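The working numbering puts the first residue of the sequence shown at 2, with every later residue one more than the last. Take a look at the structure below.
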Amino acid sequence: MKKYMKYVIIGVAFVLVSLITMLIVIDYNRKLDVTLIGENNIKVNYNQKYQEQGIVVKNGNKEVKRNKYDVGVSNNVDTHTLGEYEVKYEIKYHNRKYILKRKVQVVDMEAPNLIINTDVIKRDYCTKENKTAVEYHAIDNYDADITDKVEVEEKDDEIIYKVKDSSGNESVKKIKLEYDNIPEDRFVLNGSEITYVELNREYQEPGAIYLDGCGNPKKGDIKVDGSVNTKKEGEYTITYTLNGKDKLKRKVIVYEKKYAPKTIYLTFDDGPGPYTQGILDTLDKYKVKATFFVTSQFPAYQAMIGEEHKRGHRVAVHTYSHNYSIVYSSVDAYFNDFNQMNEIIKNHTGSYSNLFRFPGGSSNTVSYRYSPGVVSAIAQTANNLGYVYFDWNLDSRDAEGFDSWSIYNNVVNGTDNCSACVVLMHDVKAPTAEALDSILAELTARGYTFATLDANSPTAHHRIQN
Ligand SMILES: [Zn+2]
């Protein structure tokens, strides 16, 4: 029995030793559970402090005490420099080795600071001009001042400010747009509500217009009723209707203006020339007769003298050469030249003329240069010979280079100052030919009488000065 016990004890001891040894060996080679605390990949904001969170080592469910294993850490994370870093753990436990790596990315995750000095932008509705002075700045933690990168976009009732830093972080701010009092649409007459038109004058209805509050034309259905008869004195009404409801009325009063009776003696000097034909046609259009003081300065047009006569105008002498140095050299020279012209007149009209006009008019002083007293002497001789000379009391000033508009005004306004108006014009001037139609339209509309000159007409003499 005792012997038996001894074997039992030895056997149990052996089993226990083996078991303990086995347990030690198992534990020695046990695989631990080694993990990083936190994520394997971590993103850290630029310039932010980075705190490595470490690892946890477990044996099954039980955390292994720090003094049971060795650990080496390498960590070069620099949050002041953008980039990718690695934190590496090397854990040794008995004869086992574990390596853990964590990727740490230092990135700029902060959006720029977009600063705008206002929450609302007030704006003029019509001009679209801002009444609020807007100032903005964009400051980024990484790129510093990026105000120049700010994009401004307008959408409906707001202005959107956007800015992105170099890492793509974006800031957006929306500022409200406010329009102050939006002006109302307007439906208005062009021109005045009451318009006066002279009888028999042309009348152009200026119309009405539909505008938005900013003065831009707006679509609308505008209907016009009424008309003006300028041939009949009276009051006329033109009515404009917008979209069937809004109405505007214009009163047009056709009245007869009474002009004091006047006789107009149109005279054309220095031709015939290139514009004579046109002038004759315009005179015909208004059935107006005029007087032509002719020369031989443009021989190619000489036949027009016959045409002037044939159409009922008066042809009179203005000298052959129209050369001051010849005609004013002496009385004889004047009449030599004069007679030469009168021969041509006779050839084309069948008779001589006893009417004439001095080149430069009777008051000219240029003649003094060639012969003192010559104009007085010519006037005296002319009188003796039965010739009558004419000056003028209304100068169109067409010889001074005025344009047709000025010539028109000079003549039309000039008639206020004469009742028998001897009008000086030149049928060798283009602006004169241009202005004539309007001049005649106006003067005939006023009911003035037109006449040609004859020996008994007003001579409109100037004072002889040589
Ligand atoms: Zn002349």
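Just so it is clear, CB atoms sit at the ideal spot from N, CA and C, and this is done for glycine as well. Since the model is a prediction, treat every value here as computed from it, not as a measurement.
query: M305 to K430 span [Cα, whole Å]; result: 16 Å
query: Pair within 8 Å by beta-carbon distance, T80 and K50; result: yes
query: The region 444–454 / the region 253–264 touching (three or more Cβ pairs under 8 Å); result: yes
query: Coarse secondary structure for L200, derived from DSSP in three states; result: coil
query: Stretch pair the region 353–370 + the region 382–399: three plus CB contacts closer than 8 Å; result: yes
query: From P459, Q466, N418 and F403, residue whose alpha carbon lies closest to that of A436; result: F403
query: Beta-carbon contacts of Q341 that lie in its chain and below 6 Å, excluding the five residues immediately before and after; result: Y321
query: Identity of the residues DSSP links to H138 by a beta bridge; result: I116
query: Proximity below 8 Å, CB of I408 to CB of T382; result: no
query: Cutoff 6 Å; reference K163; Cβ partners in own chain excluding five residues on either side; result: E152 and V173
query: Straight-line gap, V318 to V332 (C-alpha atoms, nearest Å); result: 16 Å
query: Expected contact under 8 Å - CB spacing of K219 and D186 to nearest Å; result: 6 Å
query: Which residues DSSP lists as bridging C419, in chain order; result: Bridge partners of C419: none, in fact.
query: At least three beta-carbon pairs within less than 8 Å, the region 188–202 to the region 240–260; result: yes
query: E443: first and last residue of the uninterrupted alpha helix (DSSP H) it sits in; result: A431 to A446
query: C-beta atoms of Q112 and N46 nearer than 8 Å; result: This sequence places Ala at residue 112; Gln is not what is there. No, the pair does not count as a contact, with Cβ atoms beyond the cut-off.
query: Spatially closest choice to V375 from N385, S363 and A291, by CA coordinates; result: S363
query: Own chain residues within Cβ distance below 7 Å of E308, not counting five before or after; result: L281
query: Assigned exposure category for N420 - 16 Cβ within 10 Å defines buried; result: The residue asked about is misnamed: residue 420 is Ser in this sequence, not Asn. S420 is exposed by the Cβ-count criterion.
query: Residues bridged to S172 [DSSP beta-bridge criterion]; result: V164
query: Any non-hydrogen atom of ligand 1 closer than 7 Å to H319 Cβ; result: yes
query: Alpha-carbon spacing of F294 relative to Y204, whole angstroms; result: 38 Å
query: Residue span of the alpha helix (DSSP H) that contains I183, given as start and end; result: Looking at the DSSP string, I183 is not in any alpha helix (DSSP H), and its letter there is neither H nor E.
query: Buried versus exposed, by CB contacts within 10 Å (16 or more), H349; result: buried
query: Cβ-based burial, M426 [other Cβ within 10 Å; buried from 16]; result: buried
query: Closest residue to R97 among Y90, I21, S193 and R31 (Cα-Cα distance); result: R31
query: Any non-hydrogen atom of ligand 1 closer than 7 Å to P360 Cβ; result: yes
query: Identity of the residue in K89, A380 and K288 nearest R464 by Cα; result: A380
query: Minimum C-alpha distance to V424 - residue among A134, T240, S167 and L395; result: L395
query: Residue from C215, Y70 and N41 whose Cα sits closest to the Cα of E85; result: N41
query: Test item: CB-CB of L249 and L190 under 8 Å; result: yes
query: Residue from N62, S397, T22 and T366 whose Cα sits closest to the Cα of Y329; result: T366
query: For H462, the nearest candidate out of C422, T453 and G227 (CA to CA); result: C422
query: Distance, L24 Cα to K104 Cα; result: 38 Å
query: Per DSSP, cross-strand counterpart(s) of N60; result: K63
query: Within 8 Å, strictly: CB atoms of Y302 and T268; result: no
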